[in-house]
Structures are given as C-alpha cells and as structure tokens.
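Taking it in order: structure first as structure tokens, then the write-up.
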Amino acid sequence: MRAAYLIARREYLSYVATWGFWLSLLAVPIFATIGGVTPALIQSSQPVRYFSVIDETGQRLDQLVEQARIEERRAQVRGAIEMMAQGVGGDEAAERALAIFDEDPDGVSQTEAALQSVGLSDAASALEAGRTKAVQVEPPARTADALRPYLSGDQTIETPEGPKPLFAAFFIREHAENGLEVVYLSTNLTNSDLRGDVRDIIRAHMREQALVSEGLDPDEIDAILDIRPLVTSLDARSEAGVEEEVTFADRAPFFVALGLAFILWMAVFSVANMLLTSMIEEKGGKIIELLLSTARLEDILIGKLLGVAGVSVTLFAVWGGVGVLLSTLGGSAIAALDPDLLELLTSVFDPGLLLAGLFFFTCGYLMYGAIFLAMGSLCDTLQDAQTLMGPVIWILMLPMLIIVFSIDALDSMVIQIGSWVPLWTPFVMMARLPTDPPLWELLSACALMVVTTLIVLWGAAAVFRQGALRQANADSVRKLLKMGGKKKA
Amino acid sequence: MTEYALEVEGLSKTFGGKPAVQDVSFQARKGELTGFLGPNGAGKTTTLRMSLGVIVPDSGAVKLFGQAPNTKSMDRVGFLPEERGVYRKMTAEAVIVFFARLKGLSAGEARRRALVYLERFGLKEAATKKIKELSKGMAQKIQIISAIIHEPDFIILDEPFSGLDPVNQAMLEQVIREQAQAGRTVLFSTHVMEHAERLCDRIVLMARGRKVFDGRVDEALARVPRQVTLGASAGSNLAEVVSPMGEIETLAPDEDGSANLLLTLKPGVDAQDVLRACVQAGVPLTRFEPRRPHLHDAFVALVGEDAVETLRQEA
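As they're listed, the protein sequences go chains B and H. With our numbering, the residue at position 195 of the first sequence is 522, and numbering never jumps. With our numbering, the residue at position 56 of the second sequence is 48, and numbering never jumps.
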C-alpha cells in the first residue's frame, strides 16, 4: 500500500499544489458574487424607459393604466417587505415595517425607510432587481406616423434625465368584436414586461366593465374576484390524528436530495475527467511503463483513484467549510433575504443525507473513475479519448435527464427503474431518497451497485494493463464494437 | 543462494495470434553484464516485461533472485523501460525522489541521494527545474538516475542508448561500466551491436521471437568465419598457395597491378597459418590484413541475411 500512497500523494499534489487549483476554487465565490450582484448591476445600469399611452376611446384609459401600474407595483413591494421583515423579526417586525410603508398610501416612497426599520438597509435595490424601469409620459404626438421619429431616436422627449427617445407607445382603440384593441408600437421587439402589464390592466378593466354592465357593483366585483379556496397540504405519512400543514421545511429534503444528486453528478464527472487527462498525460508522456515496473498495477489504480478522490474531498471540504462559516456568521442575513434559503441550507446538514451522499459518491466515483482511467490507458491524446467518451458521456447524462424530466414525480416508474441501473443508482437513488423507497429496494439496488463497482474495477484493471503496455488502444475498441455490430447484423 | 539474478525458462507469449516470444530461456549471472541483442520486433522488450512480471507469459517461468517476481524482489531491480518519460511538470529532484521512494527509500535518504546523483551526472543546477524546461538528453539522464537511485542489485535497461546523442551514449556506457564494477548485475537490450561488444561479458541474441545465441562475447565471435585480405605483386601464385586454406573472393587489383583477394578461412585455420604458407612459398605479399570479427558479423552468421536486412532498415 506504500506505493499506492505515494502515487496517490503525487497525483493529489499535482492538482492541489498548483495555482490553477486554488484560483479555480476562488473563482467559484467570485462568480457566485458576480451572479448575486448581476441583477442589481443590470437594474442599476438599465435605462429608464419612457412610454406613452394614447387613448382614442375617450374613456381616459391612459390615466387608468398609470394608476393601475402604481397600485400593482405598490402591492408587490408591500408583500415583499412583509415577507422580509417577517424573516428578520417575525410578525411584530412585519407590522412595524408595513406601518412605515403605509405612511405613503399611494406610492412606494417609504420602501427604504420601512426596510431600514427592521435592519435591512441595503435590501431596497433587491426589490427592483429584474424589473423594467418604465415611466409613463405625455405623448409627444398622437398618431403612429408622428410618433415614429420619437421611437426611432430621431427625435427626443424632455425628461428629468434630459432628452431621451420614446421606448414605446400604446394606442387603445375601440374594436368592433373585442370591444377594445391595444396596439403596441416600439423598436424593441423582445421586452415584453411593459406590453404584458398594459395588456393585463386593460383586460381587468374590460372584465370589470362587463360585470358592471351585468348590474354588479364594483365593490361586489372586487369581493367576487377575491374568492379563492383555502388549500391545505398535509403529509399522509405523518401519524394518524396529527394534521400539520406541510411547510417548506418538509419539502426542503426533496430539494436538498435533488441538489446533492446534481452535485454528485458534477463532482463525479469533473474528477473522472481529471483521471482521464492525467492518464492520457502519463500514457502520452510514456511514464506508465516505468510506473508499472515500479509498482503493482493495483497500487497504481488505487493510488490514482485515491489521489483524485483527495482532490474532490478537498473541494468539498473547502466549500463545506465556507458553507458552514457562512451559515453560522450570516444566518440572520440569509434569513432576512430569504427564510426558505436558510431552511434549505439547514437541511443540507442532515447527517443521513450527507452519509448517503458520501456512499453514492464513493461508488459513482469508483465506477466512472475506473472507466475513465481505463479509457485513458487506451489513448495517447485527448482526441483519441473523445471518440471513446461519447457513449460513456451518454450513460452519464441519462440519469440527469431522467431526474430533470421527473422532477415533479420522483416516485414515478421511470425514476424507480433508473435507480436500479447500477451506473445510475448513485444519482437517481440519491434523488429518490426523500420519497422513502422501500428498504428492500434501497438495499438491493445499493448491493447491485456495489457488485457492479467491483466488476467495473476488475474490468478496468484488465483494460488498463492492456492499454498501458500498448497491447490495446482506441482502435482495438472500435474494431471490437464493429465486430459486435456485424455479428448483430 | 542462487548464482543468478534472473532465470528465464521457456518463456512464450502470443499477441493476437502472432507469436512475439517463443520458448526463450536464459540467465543473467550475478555481477555480469549481459547484452540482450536483436533487431526491433525480435521479442526483447516483451521478454524483459515478462521477466519483471509486467506481462504474464503464456507459458514458461521467471525467477528473480531465485523466486517468482514479487514486490520485494522488484525493489532490488532498477528498470529503464524502452518507452520512457517523466512527469514534465515536476522538478528533476522531485521526479527522482518519487521513484526512489517507490523503491523503498525514505524521503530524507531519497532527497540526499537525488542531489548526489544529480551532481554526479552534471545536473546539479537542474535539480529545481521542471522537466519540461530541460533538454531531451538531460531528461533522459533523469530517467537513468531514477532507475538506479535506489542502488539496485540488478539493473535492466531496455534500449538505453536510443535517442541519445554520441556524447550522452558514451556517458551512459561509462555509467553502465561503473554499475557493473560496483558488483551489480546489468542486463541491457539493444539493437546496436557496438555497445554490446564494448560492454558485455555475455550476450543473448534474439531474432523473430526466438533465442539464437546465448554465451560469452568471444564465443559468439568464434562463430564468425575468420577472413584475411591479401595482396601480392602481379603474376604471383598467391591464389594457388592460399586456396587450400579457405574460400577465395577476388577483389579489384591495385593501380600498380597487384592482385587482391579476400580469403575466408576454413575452420581450424588461422591468419598466421596463411602468412606462414605465403612466406614459405615465396609469395611477394603487398597486403596482409586479418579482419577482426565483430558482433555484427556474428549476428549475420547466426541469424542470416534476412534479419540483418531488417536490422539495417530499422536502425
């Protein structure tokens, strides 16, 4: 085992003792931060879009649009403030924040003050993230032809920011069949936020008018539109007589298991690739025979697998450590931003799931690591490897596709069958765990996976020996596959 | 205690139905320098790989230090494979220490010896440089050091001279001599006969997967028919005098008209017998040049022209 240790150590250090490794580790928080602030950056860098509504019906629908957009936005911001304040300090904090927010009964001018009152001074910009900033202005002209120069930027309108082009114009007209018609005129064909908002406002207005014409009072209409059933979700697996509503905490293990399955897949895929490239480097660099004459084949295989496993453990350890640190130090901040996220993070540290994850990672890594090592031993270049990798990549991709397409039905037949395929068990069974599969099924599928792992290791060792000594190569596999194809034909 | 570092008995190996090695037996006696010769494709590398347990033979047996190859006996072997390379991103010292530790040396001892050997090979300055920064010759020296750093009892070198320039070939010959003088058993394969001729006590000659000779170098040379180039003044009876002593091949005459011939001696006749006969017969000799036999001639005599042609094409 001394040789295996030395080979593992060399393999491990060849990755970990490089700047590239630590830079790639650092890259993750850097990109996560960039990802986190990007919506705010986009928001802050997004230009204010000026639009006009030309009401040709004489019903003052332009004013209706303006008023409705303000009310809608106010309701959204109010709801968000209530949720955030509740996360920080419960109902009392929510009441306090809403009281401050409601000091401006018609607008959102008190948003920042409301959030500051519960210690969320920097959260205001998050509420605006992803929103299109649109300001309704008086139309500079009232016909499409006259408005075109303003929309194309040839002419500008006066705004608080100075002269600006018009982003869009809405014409609201009478329509013989539909009652009303909204014509949207803009040079931007992709942004649908504004168009959708105006359409929804006019639709609500038309429905209300229709109901009024049927003799209903506007207040009655509001009351009718607010009618909705009370939906309560209960977990049928809970004890008889105990009727607790299903909360996010109950759903968190499903999300965590799915997340772990994806992380497992990504980890297995990336470290198995490391083994492949390392093996090709040794084969191409003609080092492998020297190793074979110095250490037993088993020691080389085990050493390589352990070395690269060490790299992945380092990755997990660093990110696990960062995760624990962030959860400990920033728990309250996370709760402030998103209480569900904190619930999710807490569920990740479920020892049962983590142990299962470790077990599935070990088996998955050994199976795919051995396969990739064996493939690497057959190839002198990455180009050679690419031709062999195709089928293996498909085998590796399929469980992910199954999970993605069955994400709402983790107890479906496809998932059940997928979890029995030994090469897929590590990922599919991981995702299935929170559905409480029968114990016999879990143990049998795992046993089958362990046996397959041993067979794959044995087969990979045999291929490795042939490949390492140049008694077989990528062409041998292709010939073998062709022979198989001919025989079938 | 066996007197052999390596004993190979009836080794055979077939790849894809094509025999690579057929019934090969030989021994490497402790303390001797043995050459393993033959053209490319003769089965040398496959035999050496089987000798080290890297490839399992179809039939036959191998003994390293009197027992089947195992981790313990392998630690007493230093091997330089034909297909060789080192980790390009590691420093010269780190590569040597890595292989030394794989052979059982402690980290401290491996580092100490690495520096000693690097200095001995004129590579002291290269110790902290990455292999990719070194020349090909320097990298090959690192590989050689890696093979002998643990001061093994038995050194196997597979085509050690290939890829080296003449200066480094001479350096490697010196290293091999030093290792042999230090009492180590050395077995090296080559298809360049001159190296074996200069270095070896014994040779094993291979051709087309079979052993064709196994013995001392002088025994191999004894297989080569002796030849003498003779010249005599025009009109002499040189051919008549020497014809009973061997086969005559007429060569082009000199500018002054002197006749020249190549005499391939019959077994039991040597060059002195020819000289004596010419003097006694009063032949006016202008040339008398006994040809010194080489291993190449022995190889031709043992293997035949076809294999020699293959060797010529592959060299």
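C-beta atoms are modelled at their ideal positions from N, C-alpha and C, and glycine is treated no differently. These numbers come from a predicted model, not from an experiment.
Specify the secondary structure class of residue i as computed by DSSP and reduced to three states.
i	result
F7(H)	strand
A119(H)	coil
Y79(H)	coil
E393(B)	helix
D524(B)	helix
N518(B)	coil
F687(B)	helix
A456(B)	Note that A456(B) has pLDDT 49, beneath the 50 cutoff, so the model's placement of it is unreliable and no number is given.
T483(B)	coil
G634(B)	helix
G416(B)	helix
P158(H)	helix
Q536(B)	helix
N600(B)	helix
H183(H)	coil
E170(H)	helix
V46(H)	coil
L253(H)	strand
L474(B)	helix
K815(B)	Low per-residue confidence applies at K815(B): pLDDT is 45, beneath 50, and the placement is therefore not dependable enough to give any value.
I240(H)	strand
N437(B)	First, the residue type needs correcting, since residue 437(B) is Gln and not Asn in the sequence shown. Looking at Q437(B) - three-state DSSP - the assignment turns out to be coil, as it is neither helix nor strand.
G385(B)	coil
F643(B)	helix
D626(B)	helix
G406(B)	helix
Please report whether the beta-carbon of residue i lies at a distance below 8 angstroms from any beta-carbon of chain B.
i	result
P73(H)	yes
L179(H)	no
V295(H)	no
V46(H)	yes
K10(H)	no
In the DSSP assignment, find the unbroken alpha helix (DSSP H) run with residue i in it and report its ends.
i	result
V783(B)	L766 to A795
L311(H)	No statement about residue 311(H) is possible, as the shown extent of chain H runs from -7 to 307 and does not include it.
M732(B)	The displayed chain sequence assigns Phe, not Met, to residue 732(B). Element bounds for F732(B): L709 to F732.
P753(B)	T752 to R759
P545(B)	P545 to L552
L619(B)	I615 to L619
K55(H)	That residue, K55(H), is in no alpha helix (DSSP H); its beta strand (DSSP E) goes S51 to L56.
F90(H)	A84 to L94
Going by CA-CA distance only, name the one from the options that's closest to residue i.
i	options	result
L628(B)	W646(B), S436(B), V464(B) and A599(B)	A599(B)
N505(B)	R387(B), Q443(B), R530(B) and G647(B)	R530(B)
K613(B)	G27(H), L25(H), A12(H) and E75(H)	E75(H)
V343(B)	V638(B), S746(B) and E383(B)	V638(B)
P773(B)	A787(B), T762(B), L552(B) and W751(B)	The amino acid at residue 773(B) is misidentified as Pro; the sequence shows Cys. With distances taken between Cα atoms, C773(B) lies closest to W751(B).
A53(H)	K64(H), V0(H), N32(H) and F7(H)	V0(H)
F498(B)	N515(B), A468(B) and I484(B)	A468(B)
K10(H)	K122(H), H286(H), D193(H) and D50(H)	D50(H)
W349(B)	N518(B), T641(B), V719(B) and V583(B)	T641(B)
L474(B)	P487(B), K491(B) and A495(B)	A495(B)
G33(H)	T83(H), P285(H), L197(H) and L255(H)	L197(H)
Where does the unbroken beta strand (DSSP E) through residue i begin, and where does it stop?
i	result
V220(H)	Q219 to A224
Q463(B)	A461 to Q463
H288(H)	Unbroken run through H288(H) is the alpha helix (DSSP H), L287 to V295; no beta strand (DSSP E).
D382(B)	R376 to D382
V207(H)	In the sequence under discussion, the amino acid at residue 207(H) is Gly, which differs from the Val named in the question. Its beta strand (DSSP E) spans residues R202 to R208.
R500(B)	A495 to H502
G27(H)	L25 to L29
I148(H)	F146 to D150
Tell me, please, whether the CB atom of residue i is closer than 8 angstroms to any CB atom in chain H?
i	result
S341(B)	yes
R337(B)	yes
L333(B)	yes
A420(B)	no
A801(B)	no
A330(B)	yes
Shorter than 8 angstroms from the beta carbon of residue i to some beta carbon of chain C?
i	result
R623(B)	Reference to chain C is not applicable here, since the protein chains of this structure are B and H.
Name, going along the chain, the residues of the segment 71 to 102 of chain H whose beta-carbon falls closer than 9 angstroms to a beta-carbon of chain B. F71, L72, P73, E74, E75, R76, G77, V78, Y79, R80, K81, M82, A86, F90, F91, R93, L94, K95 and G96
Scan the segment 599 to 621 of chain B for residues whose Cβ lies nearer than 7 angstroms to a Cβ of chain H and list them as they occur along the chain. G612, K613, I614, E616, L617, L619, S620 and T621
Mind listing which residues of the segment 56 to 69 of chain H have their C-beta closer than 7 angstroms to chain B's C-betas, in chain order? T63
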